[in-house]
Amino acid sequence: MIELIAGKYNYWIYICLMMIGFYAIIAKGNLIKKIIGINIFQSAVFLFYISISKVRGGTAPILWENAVLYDNPLPHVLILTAIVVSVSTTALALALVIRIRKEFGAMEEDRIAKLRSDGP
Amino acid sequence: MTEHFPALLVILPLLAAVLIPFSPAAVKRSAWHISFASAAASLALAARLAWEAFALGKVSYWFGGWAPPWGIEYSIDPLGALLLLLTAFVTCAALSYSRAAAPAELAAERLPYFYSCMLLFTSGLTGIIITGDIFNLYVFIEIASLAGYALIAAGRRREALVASYNYLILGTIAATFILLGIGYLYMAAGTLNMADLRERLPQVYHTKTVLTGFAFLVVGLSIKTALFPLHIWLPDAYTHAPSPVSALLAATGTKVGIYAMIRVIFTVFKPEFNPSTVPMTVILAGLACAGIIYGALVALAQTNIKRLLAYSSVSQIGYIILGAAISNQTAMTGSLLHIINHALMKASLFMCAGIILMSTGAEKTGDLKGLGRRMPLTMAAFTAAACSLAGLPLTAGFISKWHLALGAVEAGLWLVVPVILAGSLLTAVYFWKIIEPAYFSPAGERRPVRPEAPAGMLAPAVLLAALGVALGLAAHFPALGAGRAAALLLGNP
């Protein structure tokens with residue numbers, strides 16, 4: 001049992017973070033808070049990728065004469081790309097919230113639902 | 121030069137999309153011409169590549185000359201070739217429709233950015249279709265999705281912003297699930313190349329890691345394809361988007377999502393992969409059947425034309441997933457045929473809805489009284505496309521649904537056959553709600569501002585609908601192509 005929790009702590013951290021983010025997306029009515037939730041949700045997956053790239057006793061994946069074992073650099077590169085995607089998504093989402101706020105004068109989901117002409 | 125065509129196909133629209141927003145005002149004024157030239161060039165490239173893929177069976181392109189699995193590979197097989205042609209063709213049609221339609225729905229200073237987003241969207245879709253690398257697939261899904269959110273937000277009403285935001289939230293959850301699924305597969309197999317994954321994964325099929333990765337990928341892609349009950353973003357998005365965007369998204373966006381799902385299930389995994397703990401095909405077939413009936417019933421209750429068409433999409437997507445889930449040769453052929461049929465017809469229907477909205481201001485089914493006489497060409501195209509979606513004989517829809525029903529019988533799934541037939545019947549009933557007032561009611565008070573829409577808008581709508589009838593009459597030709605693609609996919613050439 002201890003082995004399951006302590007030996008795989010990186011997975012537990014990622015699962016907890018992911019669920020915190022997911023909860024914020026579902027339960028929060030404020031549009032900005034939902035975006036924060038999305039960011040936590042994505043960061044959890046990034047951490048998962050980075051943690052699986054670790055090789056026990058490995059050094060950073062750079063050319064160095066003392067290095068015998070390297071960490072796997074591929075997940076690092078993948079996550080750099082995913083971070084760029086995440087930043088663009090956040091930018092687009094925030095831009096949308098600014099325009100929603102201008103048009104509806106509200107940022108809460110339930111208030112916007114009331115102001116809509118065509119119902120939910 | 122010709123060997124670089126696969127890369128050019130993605131880079132060309134991408135370059136044009138970046139060029140337009142950063143160019144001086146004089147160039148921006150001809151943004152439509154640049155976009156259309158790029159889309160037409162893409163269509164020519166796609167046609168050439170499709171011909172090559174059908175002749176050789178597979179076209180492979182190595183980025184920077186790095187051999188896979190080390191480098192990124194683009195690979196086009198007959199299935200990819202079909203989708204490439206379809207996407208390039210519908211993009212051309214949607215762009216030529218936009219020339220008259222977009223200025224009516226968008227402010228003039230936003231038009232260049234609008235065209236730029238349309239090109240980004242197709243660039244992303246093309247990438248999804250031709251990439252042979254599963255992480256690359258994720259990146260292209262996000263390129264297409266981000267452009268899609270921006271396009272939906274360009275709608276006339278403020279509700280479009282909310283629709284876009286809700287789609288963004290769900291779409292990002294889906295993309296993160298896909299990313300996570302890819303991570304699990306990489307953990308288990310240590311590679312990202314799809315062909316390499318196919319070879320390495322069978323040794324670890326029994327592990328929970330692969331099972332979890334597969335589940336995350338399928339759920340993520342189900343949201344992107346709007347498979348019932350994960351379709352909730354779709355009706356609002358299609359209803360409030362500008363009509364060229366509704367046509368483009370409905371025709372290509374969800375279809376390419378389904379393509380990505382078929383790729384994951386049949387190319388990355390082998391058809392033998394059927395985990396006993398989670399009967400994936402049974403679940404998918406069940407959801408697809410539920411979606412067919414649910415989408416059709418809700419469409420029946422709609423009064424807004426675009427919303428009716430959106431729910432009809434939910435129902436038709438059910439048909440396509442159903443064929444893929446049955447996964448024998450006949451049903452898969454039917455599924456691929458229905459991808460083509462639904463893409464062409466739904467694009468035509470959304471274009472007609474846009475024309476009607478622009479000429480008469482009518483948004484509700486009740487406003488269409490007597491329109492069949494005032495706008496004969498638009499309503500004729502609408503009726504032909506609706507017949508093809510309902511699966512009337514002599515249309516493309518008949519062949520696809522025939523194959524689907526036959527495939528279900530071959531697989532011994534007798535319970536699925538009535539669902540296919542009932543769905544078709546309901547499709548006819550909800551389209552009757554639009555066709556009946558247009559042709560069989562005395563003219564209402566609403567007079568069109570002008571008798572018919574400009575030719576630039578009408579031509580693509582009529583052409584797409586006519587293609588549906590033509591493909592139904594020359595049924596042999598598309599069935600042959602789809603059959604070949606299905607056989608290669610299922611591994612029984």
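Sequences listed follow chains W and X, in order.
1 is the number of the first residue of the first sequence in this note's numbering; add one for each residue after it.
121 is the number of the first residue of the second sequence in this note's numbering; add one for each residue after it.
Heads up, the beta-carbon is just placed ideally off N, CA and C, and yes, glycines get one too.
Since we're looking at a predicted model, the values are computed, not measured.
{"Item": "Contact set between T327/X and chain W, taken where Cβ atoms lie within less than 9 Å", "Value": "The premise fails here: T327/X is roughly 14 Å from chain W at the closest Cβ pair, so nothing lies under 9 Å."}
{"Item": "N-terminal and C-terminal residue of the beta strand (DSSP E) that Y23/W is part of", "Value": "Looking at the DSSP string, Y23/W is not in any beta strand (DSSP E); the run it does join, the alpha helix (DSSP H), is Y9 to A27."}
{"Item": "E193/X, enclosing beta strand (DSSP E) - first and last residue", "Value": "E193 to I196"}
{"Item": "Contact set between the segment 89-103 of chain W and chain X, restricted to residues whose Cβ is under 8 Å from the partner", "Value": "T89, L92, A93, L96, V97, R99, I100 and E103"}
{"Item": "V402/X burial status per 10 Å Cβ neighbour count (16 or more: buried)", "Value": "exposed"}
{"Item": "Straight-line Cα distance separating L80/W from I352/X", "Value": "31 Å"}
{"Item": "Interface residues of chain X facing L80/W [CB-CB closer than 7 Å]", "Value": "Those within 7 Å of L80/W in chain X number zero; the least Cβ separation is about 11 Å."}
{"Item": "Validate contact between the segment 265-275 of chain X and the segment 313-323 of chain X using beta carbons, cut 8 Å, 3 pairs", "Value": "no"}
{"Item": "Those residues which DSSP pairs with K553/X across a bridge", "Value": "Per DSSP, none; premise fails for K553/X."}
{"Item": "Residues that S284/X contacts on chain W, provided the C-beta gap is smaller than 7 Å", "Value": "L96"}
{"Item": "6 Å Cβ shell around E109/W - same chain, five flanking residues per side excluded", "Value": "G29"}
{"Item": "Nearest residue (CA-CA) to G474/X, options T498/X, Y379/X and C237/X", "Value": "T498/X"}
{"Item": "F255/X: contacting residues in chain W (beta-carbon distance under 7 Å)", "Value": "L78"}
{"Item": "Distance CB(A585/X)-CB(A510/X) smaller than 9 Å", "Value": "no"}
{"Item": "Within the segment 151-232 of chain X, ranges of the alpha helix (DSSP H) (whole runs, at least 4 residues)", "Value": "151-176 and 198-225"}
{"Item": "Near-chain X residues of the segment 52-68 of chain W (beta-carbon distance less than 9 Å), N- to C-terminal order", "Value": "I52"}
{"Item": "C-alpha distance - A607/X paired with Q449/X, whole-angstrom precision", "Value": "6 Å"}
{"Item": "For G119/W, the three-state DSSP class (helix, strand or coil)", "Value": "The pLDDT assigned to G119/W is 49, lower than 50, so where the model puts this residue is not dependable; a value taken from the coordinates is nonetheless given after this. If DSSP states are grouped into helix, strand and coil, G119/W belongs with coil."}
{"Item": "Contact with chain W by I385/X, beta-carbon distance below 9 Å", "Value": "no"}
{"Item": "Residue from A445/X, P126/X and Y181/X with nearest C-alpha to V384/X", "Value": "A445/X"}
{"Item": "For Y70/W, three-class secondary structure by DSSP", "Value": "strand"}
{"Item": "Among L317/X, Q422/X, R493/X and A408/X, the one whose alpha carbon lies nearest that of A563/X", "Value": "R493/X"}
{"Item": "Three-pair Cβ contact test at 8 Å for the segment 182-191 of chain X versus the segment 224-241 of chain X", "Value": "no"}
{"Item": "T515/X, DSSP secondary structure in three states", "Value": "coil"}
{"Item": "Contact set for L514/X: own chain, Cβ-Cβ below 8 Å, skip 5 residues either direction", "Value": "V589, G592 and L593"}
{"Item": "Validate contact between the segment 208-219 of chain X and the segment 150-168 of chain X using beta carbons, cut 8 Å, 3 pairs", "Value": "yes"}
{"Item": "For A280/X, the nearest candidate out of E103/W, M107/W and R111/W (CA to CA)", "Value": "E103/W"}
{"Item": "Cβ pair A558/X, L610/X closer than 9 Å", "Value": "no"}
{"Item": "Spatially closest choice to L457/X from A410/X, Y379/X, L429/X and A500/X, by CA coordinates", "Value": "Y379/X"}
{"Item": "Integer-rounded CB distance, given that A346/X should sit under 8 Å from I437/X", "Value": "6 Å"}
{"Item": "Alpha-carbon spacing of M471/X relative to F234/X, whole angstroms", "Value": "17 Å"}
{"Item": "Interfacial residues, the segment 247-275 of chain X to chain W, with Cβ spacing under 9 Å", "Value": "F255, Y258, V259, E262, I263, S265, L266, Y269, A270 and A273"}
{"Item": "Proximity test, Cβ basis, 9 Å: I425/X and chain W", "Value": "no"}
{"Item": "W152/X, buried or exposed, once every other Cβ within 10 Å from all chains shown has been counted against 16", "Value": "buried"}
{"Item": "Chain W residues whose Cβ lies nearer than 8 Å to that of G191/X", "Value": "Within 8 Å Cβ-Cβ: nothing; G191/X doesn't reach chain W, min ~13 Å."}
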